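S.K.: Would you mind keeping the following structure in view while I ask a few things?
In full-length UniProt numbering, the protein residues as written are 1 to 104.
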């Protein structure tokens, strides 16, 4: 997670490669911003472009299953106007979720 600040906003960027938009939830409460998601295990069971099932892993660094990241909110945020969207590069989603939180 990256957290940046401009004159008018806080910009939070979260890596979510391989995660469907329907499997991500952004929550804001009085104290925290939370991004909750689930990377489906089923996406990784077959090799690309074939029906060949993966029988064993020799190295496994791509996380699967549920995850959560959080950031404690500063006092000067407008919690009612949070905007979240996948970033797009060359007309393709690039696996990044960008969240904009305006300042008061």
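Every residue gets a Cβ at the ideal spot worked out from N, C-alpha and C, and that includes glycine.
For clarity, every value in this text was computed on a predicted model and none was experimentally measured.
In terms of residue numbering, what span does the beta strand (DSSP E) encompassing residue 70 cover?
M.R.: As a working mapping, residue 70 is identified with position 70 in the chain shown. Its beta strand (DSSP E) spans residues 65-72.
S.K.: Thinking just about the alpha-carbon of each residue, which of 100, 75, 1 and 67 is nearest to the one in residue 83?
M.R.: To locate residue 83, count along the chain shown from 1; it is residue 83. Taking only the C-alpha atoms, the option nearest residue 83 is 100.
S.K.: How should residue 75 be labelled, buried or exposed, when 16 other C-beta atoms within 10 angstroms of its C-beta is the threshold for buried?
M.R.: If you number the chain shown from 1, residue 75 lands on position 75. Label assigned to residue 75: exposed.
S.K.: With a Cβ-Cβ cutoff of 8 Å, do residue 52 and residue 37 count as a contact?
M.R.: Residue numbering aside, residue 52 sits at position 52 when the chain shown is read from its first letter. Residue numbering aside, residue 37 sits at position 37 when the chain shown is read from its first letter. No, the pair does not count as a contact, with Cβ atoms beyond the cut-off.
S.K.: Quick one: what's residue 32 bridged to in DSSP?
M.R.: In the chain shown, residue 32 corresponds to position 32, counting from 1. Beta bridge pairing from DSSP links residue 32 with 72.
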